[in-house]
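Colleague: According to this note's numbering, the sequence shown holds residues 3 to 74 in order. Beta carbons: idealized from backbone N, C-alpha and C, even for Gly. Because the structure is a prediction, the values reported are computed rather than measured.
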Amino acid sequence: RMEAYADHTPWQNVAGVPAMSTPLSQSKQGLPIGSQFTAALGKEATLFELAYELENAAPWAGKWPSLSANSI
3 RMEAYADHTP WQNVAGVPAM STPLSQSKQG LPIGSQFTAA LGKEATLFEL AYELENAAPW
63 AGKWPSLSAN SI
């Protein structure tokens with residue numbers, strides 16, 4: 003069931019606040035590890051700034067899990 007994996011995401015939708023999910027790392031098995039961030043109403047720019055800083059600190063573009071559509 004979806005709730006087992008994403009039970010917290012509907013609350014941002016109900017509240018109407020901006021939120022983003024971003025990749026942060028990979029597990030030892032090569033699976034992506036990410037995190038969800040939420041900002042105050044009308045503070046989308048804060049999330050964009052955070053995404054920019056995270057990408058500069060740990061670039062993820064071009065990284066793929068060992069089994070993905072890109073690797074087939």
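Give the secondary structure of P25 by DSSP, where H, G and I count as helix, E and B as strand, and everything else as coil.
Modeller: strand
Colleague: Ignore the nearest five residues each way along the sequence and tell me which others in W62's own chain have a CB closer than 6 Å to its CB.
Modeller: P25
Colleague: Taking the Cβ atom as the reference point for each residue, do E46 and P20 lie within a distance shorter than 7 Å?
Modeller: yes
Colleague: Check Q31 in the structure and name its three-state DSSP category.
Modeller: Residue state for Q31 is assigned as coil, using DSSP reduced to three classes.
Colleague: On the DSSP letters alone, give me the boundaries of the alpha helix (DSSP H) that A59 sits inside.
Modeller: 46–59
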